[in-house]
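Chains P and Z, in that order, are what the protein sequence lines are.
All residue numbers for the first sequence refer to the numbering used here, where the first residue is 88 and numbers rise by one.
All residue numbers for the second sequence refer to the numbering used here, where the first residue is 31 and numbers rise by one.
From the three backbone atoms N, C-alpha and C, an ideal C-beta is built for every residue, glycine too.
Have a look at the structure below, then the notes.
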Amino acid sequence: MTTDKANPAVGSILVVGGGISGLTTTLEAAEVGYEVYVVEKNPNLGGRVSQLNQYFPKLCPPTCGLEINYRRIKDNPKIKVMTLTEVEKVEGEPGNYEVTLKLTPRFVNEKCTACGECAKACSGEIDNEFNFGMDKTKAAYLPNDMAFPMRYVLSADISAEDGKKCEEACKYGAIDLSMEAKTMTINVGAVVWATGWKPYDATKIDNLGFGQHKNIVTNMMLERLAATNGPTKGQIVRPSDGKAPATIAFAQCAGSRDENHLPYCSYICCMASLKHATYLRAQYPDAKITIYYIDLRAPGQKYEKFYKKLKEDENVFFVKGKVAEVSEEANGNIGVVAEDAVSGEKSTQSVDMLVLATGMEPSLKTDKPSADLNYNEDGFVVNDFSKGGLFAAGCANKPADVVTSNQNATGMALKAIQTLVRR
Amino acid sequence: MTKKIGMYICTGCGIGDVLKVDDMVAVVEDEGTTCKTHECLCSDAGVDFLKAEVAEGTNFLGIAACSRRVNFDIFKFENTMVDRINLREGVVWSHSREKYPVPTQEQIDSDDDSFDEIQMLAEDYLRMGMVKLEKIEIPEGYKTESLSKKILVLGGGVTGISSALDAAAAGYDVTIVEKEDAIGGYAAKLRKQMPVVEPFDALVNPVIDEKIKAVEEASNITVKTGTVVARIAGQPGEFTVTFKKPGETVPFDCPLPVPEEQKVDADGNELDVEAVQEIYNQINDGREDLLSLDPDGELYGAVILAAGWRPADLDGEEYAHLGAGDADVISNAQFEEIAAKGKITRPSDGKEAKNVVFVQSPGKGDDDSDFGYAGSVTSMVSLKQAKYVREDYEDGKAYVFYQHMRTPGLQEYFYKGIQQDNGIFLSKGDVVGVTKNGSEFTVDAENTLLGEKLQVKADLVVLAGGMVPATVDDPILNLAYRQGPGFRDNDIYDGYADSNFICFPYETQRTGIYAAGCVRRSMTMEESIEDATGAALKAIQCIESVDRGVAVHPRSGDMTYPDFFFQRCTQCKRCTEECPFGALDDDEKGTPKPNPARCRRCGTCMGACPERIVGFADYTIDSIGSMIKSVWVPSEDDYYEPPMRIIALVCENDAYPALDIAAMNRLEFSADVRFIPVRCLGSVNVIWIKDALSTGVDGIMLLGCNHGDDYQCHFVKGSEIAEVRTRKMGETLQSMALEPERVAMHQVAIDEYDKLPEIVNTFADTVTELGPNPFKGF
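This is the structure in structure tokens:
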């Protein structure tokens with residue numbers, strides 16, 4: 088333990104992942120006075136929450152908090168942001184790690200002014216991953232309206248011709264087609280993994296028909312449909328024909344609490360569907376909404392109140408029962424078969440649109456870096472505080488909502504600092 | 031240091047294509063200020079050019095280029111002040127030449143009105159930028175007189191202990207204050223607890239013993255048992271704390287504010303200041319004055335509130351159908367007490383309780399809520415306690431009736447583990463009746479998973495009561511703050527000392543004081559331990575920020591702080607009352623006493639002050655007021671039909687970024703409007719509005735965050751206060767013979783950028799319909 092209590096100890100912290108948890112750990116540690124590197128594999132920070140339209144239960148935009156966080160980064164010289172960067176390897180011991188980073192080329196350098204001329208010049212389009220492929224974007228693009236850093240990126244799939252056009256269109260010499268992937272190493276005292284989650288691949292759930300029937304979407308796709316900067320400019324319409332849905336069903340636990348898929352509860356999906364019902368209600372005052380669930384997990388005063396308020400809506404129906412099978416009807420509607428767990432009756436309903444409340448899978452489940460991390464069977468990192476040095480925050484550690492992730496991520500900033508102090 | 035201002039106009043990103051840059055340079059040079067242009071200021075060459083300017087002595091730079099939200103890191107130079115004049119997003123991207131064409135020579139030569147509205151806009155922004163640079167200064171941070179880095183933890187339960195251990199492990203001295211005679215809290219009174227680490231599938235022994243041992247061994251943790259806080263005075267970095275025994279009366283007990291209902295007479299009329307002071311004196315008779323510091327008090331830098339919870343009261347009519355009131359219908363807390371002592375027996379006759387029914391949700395029929403203050407904890411506790419029955423009796427049976435089994439996340443594994451026990455019966459069900467026949471209960475449940483109606487015999491019935499936060503009964507903190515002894519607005523959260531912010535869960539309305547554990551939400555042990563770590567970080571961070579003389583969230587790192595020119599203070603108390611963070615106290619006369627380390631730098635005090643005596647180094651009544659006055663307001667002397675001039679005061683955190691995004695999407699705004707970012711709408715002083723109107727500005731609009739219970743204002747009350755002030759402006763306007771519609775406030779969230787053009791343009795149309803401000807030209 089340091090004898091000098093008056094000042095922060097020496098050493099830096101690496102935060103892996105620039106989503107809400109990673110940003111929180113980064114800022115909270117940096118504002119104590121530590122130097123923090125934050126690496127993000129995407130071209131911009133913000134992570135999963137930047138794809139959300141609103142947070143439950145306040146129904147406020149995630150970009151509001153992100154903007155403040157970006158501002159905090161801008162004002163803090165102790166933070167070094169590296170995008171399009173992944174951690175390949177961590178070697179060493181608590182207090183002294185050598186980290187190998189892999190950098191993917193952006194093909195746009197720091198001279199970019201975000202003027203947008205490259206995108207205008209580029210004719211080729213790619214699937215827009217930000218909107219889960221529901222629309223296209225130019226192969227030279229700004230990841231989203233509020234992207235941080237505010238800098239364009241050229242897709243690795245851009246055609247040589249388009250690349251050339253972009254290069255010519257840029258007055259500022261910001262397009263650099265010669266950029267190559269590279270690795271570099273940094274030395275840090277502690278690493279916090281805030282690598283977050285990805286939506287469970289709904290095509291794996293055979294009986295729920297995702298990928299086979301157009302009007303079955305996932306909950307995250309619904310977020311993009313509801314967002315002003317989404318593929319439909321915020322209009323929730325069904326994908327097959329752009330029709331305004333009059334009947335919508337939600338299948339809860341699409342993959343979660345299921346031994347064949349994710350055995351655990353994904354924490355957020357119940358509240359997310361309740362929130363989605365509010366999105367739909369705001370746009371369609373008469374739409375009929377049915378939520379098929381096992382248990383409605385709306386714990387705590389704030390969430391229970393949110394649920395209670397929605398129950399007052401006479402056009403929102405709650406059915407305790409799992410969706411067993413789905414079918415596509417001639418008009419594009421989805422036939423939903425479910426068994427009511429209480430009455431035991433099998434019900435069939437035809438809806439304009441079915442939303443699958445898919446759960447979360449830790450990103451590290453499939454992309455494990457070479458580092459001395461302990462995982463549980465689901466791919467979540469198990470923290471070992473007695474050993475110290477490497478920690479997981481937010482949904483890399485467990486399924487959680489945003490507020491819990493932020494609490495956790497704030498705490499992990501201190502765990503990282505303790506590692507530096509103990510040195 | 032002498033101030034040398036330079037204005038630098040970037041002609042890149044379309045600015046030079048749309049605007050007549052030479053004319054803009056002339057506007058600046060006319061004022062005697064150096065003005066230079068560059069084709070791309072953010073390029074290497076551009077930055078070198080600026081660096082050369084700095085090297086030659088320019089220390090206040092106006093960068094007339096893109097929005098301050100971009101290229102923030104490029105335009106940073108040591109010992110200089112940089113202001114950004116937003117020509118790109120604010121002028122050329124949001125105003126097209128299709129809509130606002132350059133007047134032709136023919137139009138200019140004719141007698142008709144002809145002017146270039148975009149050019150006028152850009153030139154106004156330059157004038158505003160110049161005057162702002164003249165009016166602002168480089169800040170020097172605020173230093174407290176003394177600085178303690180010690181952390182005070184209120185509550186010696188699992189949360190408080192965890193916070194203390196975590197702060198101590200980072201090298202900080204900690205004191206734990208516990209009102210009971212021993213630390214450990216509720217966690218020390220359990221038989222077993224829910225798992226806190228992998229695997230989450232079974233009960234574990236309490237983890238508290240190990241933690242208590244660690245506290246005893248830690249050299250930098252002091253424990254004060256049988257102690258509570260009488261008063262916390264001062265500010266972060268130098269809180270002076272008076273301790274006392276529970277129930278004791280001491281001179282440094284915290285002074286209490288006069289309750290609102292006592293500030294009015296029987297008829298509801300407001301009492302005068304003296305009468306209220308008289309009541310205050312009565313209430314606080316025998317207590318030391320708010321501003322006097324206890325000479326024997328101990329200094330602390332920050333405070334963690336981990337006061338925990340108490341079991342909810344389950345008696346009463348509401349729960350009569352559950353048999354509440356019977357000695358053998360008990361709460362989960364009472365059940366735990368019995369279980370911790372030994373085998374599960376009945377309180378009434380000591381008989382072995384082998385068949386136990388756990389009621390998870392009290393309602394019946396449509397009401398499927400859990401008991402109040404439940405969270406996921408009570409679901410988990412029911413499962414845990416069901417297991418106790420099985421541990422004690424091989425032939426024991428536990429029945430858990432729930433509406434929704436709430437075991438979110440990995441806690442699902444605990445549920446799964448319990449499900450393996452075939453002596454534990456779990457079902458959804460409405461418990462509609464609990465009747466006692468002799469010594470046995472009959473529990474009736476409906477709508478269960480095993481049939482419509484179900485009857486179960488039981489020896490004992492356990493109600494899954496919630497955890498009432500300690501802050502419902504007592505402010506605990508006993509802050510010697512003029513605004514009162516506890517956190518404000520806990521009523522929004524049913525008495526929890528919680529934050530309203532999803533993104534910033536530790537931010538409270540009292541700087542340097544962070545709540546953790548069940549005082550802010552019903553939490554499991556695992557969650558409480560985790561929450562404790564975060565609160566410890568925030569306490570440390572606040573102390574280090576005070577040491578560096580900078581603000582904490584959301585203006586983290588800000589070196590400015592409010593400065594008061596007291597000679598002109600009229601003791602109106604508005605600043606003291608309106609500060610969202612209770613940063614100001616006042617003496618008997620009402621003269622404010624600022625506590626800058628409590629302050630979050632929103633400027634609400636500056637907006638409140640009728641004498642305009644509050645300001646920050648880089649943000650003053652004069653700096654913004656002069657910017658407004660620098661806008662050229664054309665009159666009929668200039669044109670037959672002069673264009674309207676509208677000032678929009680805009681929240682810089684949300685509405686201003688939204689304007690930028692609208693501009694990026696090439697959404698167009700009326701060219702009559704000049705946007706000025708403000709720290710928070712709470713900082714808007716009505717003098718700005720009055721002065722603007724008296725100089726001929728035709729309309730003023732305020733754009734701020736949503737307020738109400740789900741407020742989005744980062745400074746809690748700023749936008750709400752601005753709304754009230756704007757409403758009150760109506761009368762003033764009428765006294766000036768102006769239409770109240772000339773001043774309007776709108777709430778916009780950051781993602782509502784698509785709605786902004788309509789809001790702004792509609793207001794501009796309204797003002798146009800009202801016609802020119804009659805004061806124009808005077």
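Determine the burial state of residue i: buried for a count of at least 16 other Cβ atoms within 10 Å of its Cβ, exposed for fewer.
i: Z/I138; result: exposed
i: Z/G479; result: It should be pointed out that residue 479 of chain Z corresponds to Leu in this sequence rather than to Gly. Answer is exposed; the Cβ neighbour count stays below 16.
i: Z/E8; result: What is shown of chain Z runs 31 to 808, which leaves residue 8 of chain Z out entirely.
i: Z/Q485; result: exposed
i: Z/R696; result: exposed
i: P/A333; result: exposed
i: Z/M160; result: buried
i: Z/W662; result: exposed
i: Z/E308; result: exposed
i: P/R384; result: buried
i: P/D439; result: buried
i: Z/V580; result: buried
i: Z/Y216; result: buried
i: P/D91; result: Confidence at P/D91 is low in this model, with a pLDDT of 37, below 50, so the placement of that residue is unreliable and no value is reported for it.
i: Z/G372; result: exposed
i: Z/P515; result: buried
Taking 8 Å as the limit between beta carbons, can you name the residues of its chain near residue i, skipping five residues before and five after?
i: Z/R755; result: G637, V714, V716
i: P/K223; result: E212, I213, D214, N215
i: Z/L323; result: A263, G264, T270
i: P/M88; result: Residue placement at P/M88 cannot be trusted, given a pLDDT of 32 that sits under 50; what the coordinates show is reported in the next sentence. Excluding residues within five positions, the ones whose Cβ falls inside 8 Å are V508, R509.
i: Z/P770; result: M759, G760, L763, Q764
Tell me whether the beta-carbon of residue i lies closer than 9 Å to the beta-carbon of residue j.
i: Z/A232; j: Z/F444; result: yes
i: Z/G187; j: Z/G547; result: yes
i: Z/M759; j: Z/A678; result: no
i: Z/N235; j: Z/K219; result: no
i: Z/E328; j: Z/K180; result: yes
i: Z/T541; j: Z/R628; result: yes
i: Z/R376; j: Z/A363; result: no
i: Z/D615; j: Z/Y511; result: yes
Rank the options by C-alpha distance to the C-alpha of residue i and give the top, closest one.
i: Z/V492; options: Z/F611, Z/T538, Z/L352, Z/S469; result: Z/L352
i: P/E185; options: P/R159, P/L349, P/M358, P/T270; result: P/T270
i: P/V489; options: P/Y121, P/V123, P/G133, P/R368; result: P/G133
i: P/I160; options: P/I100, P/E399, P/V125, P/S99; result: P/V125
i: Z/F102; options: P/L190, P/E180, P/E197; result: P/E197
i: P/A458; options: P/N156, P/A277, P/C257; result: P/A277
i: Z/A688; options: P/L146, P/I155, P/N294; result: P/I155
So if DSSP puts residue i in a beta bridge, which residue, or which two residues, is it bridged to?
i: P/S457; result: P/K176
Less than 6 Å between C-beta atoms, sequence neighbours within five positions excluded: which residues of the same chain meet that for residue i?
i: Z/T189; result: A336, A546, G547, S558, A562
i: P/V403; result: A364, I376, L397
i: Z/I313; result: L286
i: P/A93; result: Note that P/A93 scores a pLDDT of 41, beneath 50, so its modelled location is shaky and nothing firm can be said.
i: Z/L711; result: C681, L732, G734, G748, S749, A752
i: Z/R157; result: S660
Only counting the same chain, and skipping five residues up and downstream in sequence, which positions put a Cβ closer than 7 Å to that of residue i?
i: P/C253; result: C205, A208, C209, A227, L241, I262
i: P/G283; result: G104, G106, S108, G134, R135, S450, G481, C482, A483
i: P/P192; result: M266, E267, A268
i: P/E391; result: A385
At 8 Å on the CB atoms, spell out the chain B contacts of residue i, in chain order.
i: Z/F793; result: You won't find chain B in this structure, because its protein chains are P and Z.
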